[in-house]
Amino acid sequence: MSQQPQPHKPYTEADVQLALSDIKCDQITSLRRAEAVYSVPRRTIQRRRDGKPSRRDCEPRSKRLTKLEEEVILQRILDENLRGVPPSKLHVQDMADRLLRDRGGEPVGKCWVDRFIKRTPELRTRWTRPYDHQRALCEDPAIIEPWFTLVQNMKAKYGIVDDDMYNFDESGFLMGKISSQLVVTGIEKPGKAKKLQPGDREWTTLIQGVSATGRVIPPFLIFAGKVLISNWFTEDLPRNWVIQVSPTGWTNNNLALAWLDHFDTHARPVGAYRLLIIDGHESHCSIDFQDRCKEKKIIALCMPPHSSHLLQPLDVACFSPLKRAYGDQISALARDRINHISKQTFLPAFEVAFEKAFTRENACAGFRGAGLSPHDPQAVLSKLDVQLRTQTPPQQVDAAWEAKTPRNAKEMEAQSTLVQNRMKIHRGSPASSLDEQVRQLTKGAQQMAHEMVLMRAEIVRLDTATEAATKRKSRKRCYVRAEETLTVGEVLDLIAEREGGRREESEEPAKRVRAGRRCGRCGEIGHNSRTCKVEIEDIIIATLLNNTILLQEYKICVVVLSYVAARTPRWCSWGAH
1 MSQQPQPHKP YTEADVQLAL SDIKCDQITS LRRAEAVYSV PRRTIQRRRD GKPSRRDCEP
61 RSKRLTKLEE EVILQRILDE NLRGVPPSKL HVQDMADRLL RDRGGEPVGK CWVDRFIKRT
121 PELRTRWTRP YDHQRALCED PAIIEPWFTL VQNMKAKYGI VDDDMYNFDE SGFLMGKISS
181 QLVVTGIEKP GKAKKLQPGD REWTTLIQGV SATGRVIPPF LIFAGKVLIS NWFTEDLPRN
241 WVIQVSPTGW TNNNLALAWL DHFDTHARPV GAYRLLIIDG HESHCSIDFQ DRCKEKKIIA
301 LCMPPHSSHL LQPLDVACFS PLKRAYGDQI SALARDRINH ISKQTFLPAF EVAFEKAFTR
361 ENACAGFRGA GLSPHDPQAV LSKLDVQLRT QTPPQQVDAA WEAKTPRNAK EMEAQSTLVQ
421 NRMKIHRGSP ASSLDEQVRQ LTKGAQQMAH EMVLMRAEIV RLDTATEAAT KRKSRKRCYV
481 RAEETLTVGE VLDLIAEREG GRREESEEPA KRVRAGRRCG RCGEIGHNSR TCKVEIEDII
541 IATLLNNTIL LQEYKICVVV LSYVAARTPR WCSWGAH
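Be aware that the sequence shown starts at 1, since it is given in UniProt numbering, and climbs by one per residue.
Next up, the structure:
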């Protein structure tokens, strides 16, 4: 009975390389001996010795892109994520198609992007949310770090403790707006569930302040109106709340001063000075507001613009729970078929939401999340993940070049020089070393070529967008009458007619040509008396003829006047004369 072959133990790529190295150095003379020592099948060692790659290094025939091309696409995706413009699946597919088109290949299939993401652990799909460009510009450590230095310097200069460090800000509410909730519906109903909300769109503003130790200033509410109504105020409301009105429901300079007095009443200082962190709202930066702060020994520090979502404690941990809790209260009222939210209905609902949101824990969490108490700038700096500014490339270090995959043209040149020097001078170096260096050089060249394909496509796209923006800016603006409904064609005809009229008005009249000099002898244009060819006798004869004609005309006039004088008695004296 034949003996069954023993199954091989698991082996790694390192075992294969050690077996090949020992066979090459004649430390092991047979494949059977190498199999026994390293537990690597003889056929595997034989194939690898013949130059066949491992299964891990083999490219499947069905794979459309090479490993290097996929690495280039992966790096481009990560770079665009870092700049705050992550690509969609369609854009990733366009990258792959451009690389294939550059070498004459067919486009990838509709499922290629999903499979590429699935087999690439560095990638995943997420839903995006809009992010303001000005906020992204502010997310720069060079802007954020000086803010923490300023806060620490002010606290040290004026001896301010955490009990005297406050933050205040405004937040607006639509009275009839509910919050999104997870609800239970029937399985047969398709799509997202809908929940009715009251249609009231009246705006209400809350001015709120909290301290770093969790102290909460009573709320300061602003309704839209001109006067206060008595039925707004009930016995259930806390007596230290303040309710004011403005025409729009927004705050203004006068109301900001009123809140500052309200704050001074309820925020008794522990030390000599209090620190008040504010944003750049107009009412906070007015001269009257700053003077009132100096009068009450309040140090007002304004945050960098467009950074309140990171640096303002109220935005970090308080306002969001408040709006969510208020939306839940309005949802409960809507379930009770209360479809109109008046000010009398708003105040009880807001009171419940305020008590849930503005707790000591949330106030302290806001200062902790903003990196202010305790002092921890990394709590904010670690959240900065968008880099819109172009990073400064590192300076080139004049050092001995080491063999590695080149990333740019200069590194490729250095790698090429290294390979050439090795081939010319060090003839005795192992062939595997030269092969590895040439492989790295080839890989770098291919990688740069692939990146250039994607870069050319991006340049074309940017040029097209720039040209379109330039055309839009260069078009002249003019007003078109809106008394009647006009189609686009009619408006374009009116604009063309108006431009034609302006063009005719702007045409300059023909310039006057200065006449030449006139001859003083003959009176003709084009020469002077020194170059005149007319003889003096001809001029004299012409002058006499002219005088003769004038004399004859004078005689005729005298005869006519004498006849008239004879016929008219009162002219007789003149006729005799």
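Glycine residues also receive a C-beta, built at the ideal position from the N, C-alpha and C atoms.
By the Cβ neighbour-count rule, C25 is exposed, with fewer than 16 other Cβ atoms within 10 Å of its own. Around the beta-carbon of A34, 16 or more other beta-carbon atoms lie within 10 Å, marking it buried. DSSP places Q197 outside both helix and strand once states are collapsed to three, so it counts as coil. Three or more beta-carbon pairs separated by less than 8 Å are not found between the stretch 140 to 153 and the stretch 114 to 124, which leaves the two stretches without contact. Scanning the stretch 16 to 88 from its first residue to its last, no whole beta strand (DSSP E) run of 3-plus residues comes out.
Rounded to the nearest whole angstrom, the C-alpha separation of M452 and A300 is 52 Å. For N252, no beta strand (DSSP E) run applies, since DSSP gives it neither H nor E. Boundaries around W112 are those of the alpha helix (DSSP H), W112 to K118, since no beta strand (DSSP E) includes it. In this structure, the beta-carbon distance from S373 to D163 does not fall below 8 Å. Residue state for E451 is assigned as helix, using DSSP reduced to three classes.
Apart from the 5 residues on each side of it in sequence, D50 has no Cβ closer than 6 Å to any other Cβ in its chain. D22 sits away from V40, with the two beta carbons spaced by 8 Å or more. As summarised for the stretch 240 to 291, the continuous alpha helix (DSSP H) elements at least 4 residues long and confined to that stretch are 253 to 266, given in chain order. With fewer than three CB-CB distances shorter than 8 Å, the stretch 236 to 249 does not count as touching the stretch 285 to 301.
Under the three-state reduction of DSSP output, D164 falls in the helix class. Distances from the CA of R360 to each of P313, V380 and S331 were compared; the closest alpha carbon is that of P313.
With 16 or more other CB atoms across the displayed protein chains lying within 10 angstroms of its CB, N362 is buried. Sequence-distant Cβ neighbours of A370 in its own chain, meaning closer than 6 Å and more than five residues away, are L311, P313 and V316.
Shown here, T205 sits in a strand according to DSSP, grouped into three states. Cβ-Cβ separation between G209 and F168: approximately 4 Å, consistent with a contact (criterion under 8 Å). At the C-beta level, R48 and L18 stay beyond 8 Å of one another. With respect to the 8 Å criterion, Y158 and Y273 are classified as neighbours on the basis of their beta carbons.
Nearest C-alpha to A457 among A36, A96 and S88: A96. Cβ-Cβ distances below 8 Å link V108 to R64, L65, Q93, A96, D97 and L100 in the same chain, with the five nearest sequence neighbours on each side left out; the list follows chain order. Contact check for L206 against E170 passes: the beta carbons are separated by less than 8 Å. In the assembly as shown, W259 is a buried residue. Its beta-carbon has 16 or more other beta-carbons within 10 Å. Between the alpha carbons of P219 and I229 lies a gap of roughly 18 Å.
In the displayed model, I341 falls within coil according to three-state DSSP, outside both helix and strand. Beta-bridge pairing by DSSP links G172 to T205.
If one requires a minimum length of 4 residues, the alpha helix (DSSP H) runs lying completely within the stretch 287 to 329 are 287 to 295, 308 to 311 and 313 to 317, in chain order. Excluding its 5 nearest sequence neighbours in each direction, H527 has C-beta neighbours in its own chain below 6 Å: C519, listed in chain order. Taking a 10 Å sphere around the C-beta of S283, we find 16 or more other C-beta atoms and assign the residue as buried. Sequence-distant Cβ neighbours of T128 in its own chain, meaning closer than 8 Å and more than five residues away, are P86. Going by DSSP, I143 is part of the alpha helix (DSSP H) stretching over P141 to Y158. If you check the CB distance, D279 and C293 do not come in under 8 Å. DSSP places R101 in the helix class (H, G or I) of the three-state scheme.
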